[in-house]
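Numbering (the numbering used here), first residue to last: 1050 to 1353.
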């Protein structure tokens, strides 16, 4: 017997994710570099983007001497420069964290539901601008991965996996699941790709950080850290919450609440510093935020 539909705040339906294609069409995120997103400008040159030979013309002052066409120069006796045409198509790869702790919220929507909506908006934006879309969805139960491909079908296969994820109750540890997923990113994202990671980045270890460092050498990337208000600020007193099918009892006084907030801010700053230190973009997102506004405003905001 099929299970009853889940509320949209817990898990968005396929129809809703498909409808996001309309607002996503106005986003110019998939065709922008991280540096362009930071400055508000949209560039035509991408990190590691492939270039296609176009023609040769006589050398002009200011041309890059590394692009001299030595064969034509030798044949004509005059220096000539190679001109290249940029490959406009860009792979966009979306990594979505569906570990057990992502299926949680005290306000707004589940962190996993926010990640799904953000990923859907970017996927539709990429498709609207002619880019290829691929991704991975990972949890303690394993992962499903899609190579970047063209068209409506490539987006739909990703969305279907987002609304029907694997059971997060068994398999790897949360730390291993994140480490393995991040370690696989450089294999899937070819040089010049634009990579988004949607996660709470809990249990990020040194191996995961190293994988993001390798990724940043050849790709542009955006780390979107999703959190619930409870993760930053504990209410004083005793409270019960449901998390990943388990009951969570919180009993906080002023000291424990202050320590809880300190640890969260420390984790957030660690991810922010990791991103900015390697030329990646960092975006903080809460479960009560509007996902479209996060992409319209948050990603374009220059980091402080």
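By construction, the Cβ of each residue, glycine as well, lies at the ideal position given by its N, Cα and C atoms.
Predicted model, so just to flag it, every value in this text is computed and none were measured.
Use the C-beta contact count for residue i: other C-beta atoms within 10 angstroms, 16 or more gives buried, fewer gives exposed.
i            : result
residue 1276 : buried
residue 1017 : What is shown of the chain runs 1050 to 1353, which leaves residue 1017 out entirely.
residue 1054 : Legend: pLDDT at residue 1054 = 40, less than 50; position of this residue unreliable, no value from coordinates given.
residue 1113 : exposed
residue 1343 : buried
residue 1336 : buried
residue 1213 : exposed
residue 1149 : buried
Looking at residue i: is its Cβ nearer than 8 Å to the Cβ of residue j?
i            : j            : result
residue 1181 : residue 1199 : yes
residue 1320 : residue 1253 : yes
residue 1244 : residue 1231 : no
residue 1340 : residue 1167 : yes
residue 1061 : residue 1190 : no
residue 1211 : residue 1165 : yes
residue 1159 : residue 1067 : no
residue 1183 : residue 1142 : yes
residue 1271 : residue 1193 : no
residue 1172 : residue 1204 : yes
residue 1196 : residue 1063 : no
residue 1177 : residue 1073 : yes
residue 1105 : residue 1131 : yes
Check whether chain D comes within 8 Å of residue i, counting only Cβ atoms and requiring the distance to be less than that.
i            : result
residue 1214 : The structure shown has no chain D; it contains just one protein chain.
Helix, strand or coil: how does DSSP classify residue i here?
i            : result
residue 1192 : strand
residue 1313 : helix
residue 1138 : coil
residue 1072 : helix
residue 1197 : strand
residue 1252 : coil
residue 1267 : helix
residue 1122 : helix
residue 1274 : strand
For the structure I just gave you, are there three or more beta carbon pairs, one from the stretch 1140-1154 and one from the stretch 1314-1331, closer than 8 Å? no
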